[in-house]
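With the sequence shown counted from 1, adding 19 to any position gets you the numbering used here. Note that beta-carbon positions come from the ideal geometry of N, C-alpha and C, so glycine has one too.
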Amino acid sequence: LQEHSIVLVQGGKRKDLPGVHYKIIRGVYDCSGVLTQKNSRSKYGMKKKSL
20 LQEHSIVLVQ GGKRKDLPGV HYKIIRGVYD CSGVLTQKNS RSKYGMKKKS
70 L
């Protein structure tokens, strides 16, 4: 990501990060997905057909 990147933000706390109340959705807009992800694909923006 860069300074003026566009990302999709979802509300929700992270247990291990105090004061953080949002998550960036990976694989949408300028935030790339995890290319090697095979399990829990929906959390990391991977499509089934791209495996």
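Annotation for G30: the continuous beta strand (DSSP E) segment containing it runs V28 to G30. At the C-beta level, V39 and R33 come within 8 angstroms of one another.
Just so you know, the alpha carbons of C50 and K42 end up roughly 12 angstroms apart.
Per DSSP, reduced to three states, the secondary structure at K34 is coil, with no helix or strand assignment. Taking G30 as the centre and dropping the five residues before and after it, the same chain places the C-beta of H40 and Y41 closer than 7 angstroms to its C-beta, in chain order.
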